[in-house]
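For the sequence shown, our numbering assigns the number 3 to the initial residue and increments by one for each residue that follows. Idealized CB from N, CA, C, for every residue including glycine. Structure record follows, encoded as structure tokens.
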Amino acid sequence: MPKTPHVEKHFTASDTVRDIVIGMSDGLTVPFALAAGLSGAVALTSIVVTAGLAEIAAGSIAMGLGGYLAAKSDRDHYLTERTREKTHIRVEPEREMKEVSQIFTAYGLDKQQIEPIVQAFRNSPQKWVDFMMRCELGLKSPDPRRARRSAFTIALSYIGGGFIPLLPYMLVHRMMPALLISIATTLIALFIFGFIKGKFTGTHPLRGGLQTILIGGLAAAAAFVIAKWIG
């Protein structure tokens, strides 16, 4: 009887999802808080829209640049450590062989089982370096396109999130109705975002949605109360 082949499915887009989460969470929260705060201090929705657009532009650039620099720093760190590991293997091969043995010993292999593995690595320095980078240092080779892609993804997610609380002020020209619609749509968006994020990150989706609403709601409420009090 033919057997159904076992196919393992793994989620492989964790870096992209992380960038979307970073950009979208800030994009929903910061412009929402700004718009709510201004609603307590000014009378014209046009002022809220102008300030909101300026904040989205500045925030998306800053967040995208931060993502670019973080990804570039990761790659620079990896390349530096890889160069150092190559030097160690070339200059101190015996010590590095002992480190390989220690790694496999921790997995329950004995000396006779480890010896051919060590010799195989010694005959293939490139694979030896790859192994040490992954198993000794816990580092994997980053995608060279990661920095640019991260910057674009975070910035675009920030813009997408930022327009959700701002759009009601563009469509409704009375302050209080615009504020109430902005609160309703943003809280719904925050819940949906937190729910979906929870599915990807392993958090209970309902808990993730409620946590995101709580954080975004508190930020907006604090900004509104402070602006109202000062104004």
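Span of the alpha helix (DSSP H) around residue i
i, result
"His206", "Looking at the DSSP string, His206 is not in any alpha helix (DSSP H), and its letter there is neither H nor E."
"Leu168", "Arg148 to Leu173"
"Gly39", "Ser16 to Ser41"
"Gly110", "Gly110 -> no alpha helix (DSSP H), and no H or E assigned at all."
"Leu81", "Thr47 to Val93"
"Asp132", "Pro127 to Phe133"
Given residue i as reference, the closest of the options once Cα atoms are compared
i, options, result
"Thr235", "Lys100, Gly196 and Cys137", "With the chain covering 3 to 233 only, the question about residue 235 has no answer from this structure."
"Leu36", "Ala45, Ala53, Met26 and Ile22", "Ala53"
"Met134", "Leu111, Thr85 and Gln114", "Thr85"
"Trp231", "Arg20, Gly39 and Met26", "Gly39"
"Pro146", "His206, Ser126 and Ala73", "Ala73"
"Ile22", "Leu168, Arg151 and Pro167", "Arg151"
"Leu168", "Leu181, Ser159 and Thr82", "Leu181"
"Arg136", "Ile166, Lys113 and Glu101", "Glu101"
"Glu117", "Pro127, Lys129 and Gln104", "Gln104"
"Val19", "Gly218, Val227, Phe154 and Phe165", "Phe154"
"Ile228", "Gly42, Ile24, Ser16 and Glu83", "Gly42"
"Ala60", "Gly164, Gly218 and Arg77", "Gly164"
"Gln128", "Arg92, Gly110, Gly140 and Ala224", "Arg92"
"Asp76", "Ile217, Val120, Gly110 and Gly140", "Gly140"
"Asn125", "Gln115, Pro95 and Tyr109", "Pro95"
"Ile217", "Pro207, Phe193 and His206", "Phe193"
"Asp132", "Arg176, Glu83 and Arg97", "Glu83"
"Thr89", "Gly219, Tyr109, Ala122 and Trp130", "Trp130"
"Arg97", "Met65, Gly66 and Val120", "Val120"
"Leu55", "Ala108, Met99 and Ile166", "Ile166"
"Thr47", "Val174, Leu208 and Leu220", "Val174"
"Ser143", "Gly219, Leu212, Val44 and Asp78", "Asp78"
"Gly211", "Gly200, Ala221, Gly219 and Leu220", "Gly200"
"Glu87", "Glu138, Gly219 and Ala223", "Glu138"
beta-carbon residue i near the ligand FAD non-hydrogen atom, thresh 7 angstroms
i, result
"Thr214", "Ligands in the displayed structure: none, and consequently the ligand FAD is not present."
Beta-carbon separation (whole angstroms), residue i vs residue j, contact threshold 8 angstroms
i, j, result
"Pro170", "Ile183", "4 angstroms"
"Val51", "Met172", "6 angstroms"
"Pro33", "Ile58", "6 angstroms"
"Ala149", "Tyr70", "5 angstroms"
"Ala157", "Ser62", "4 angstroms"
"Leu30", "Ala191", "6 angstroms"
"Gly68", "Ser159", "About 13 angstroms; that fails the 8 angstroms criterion."
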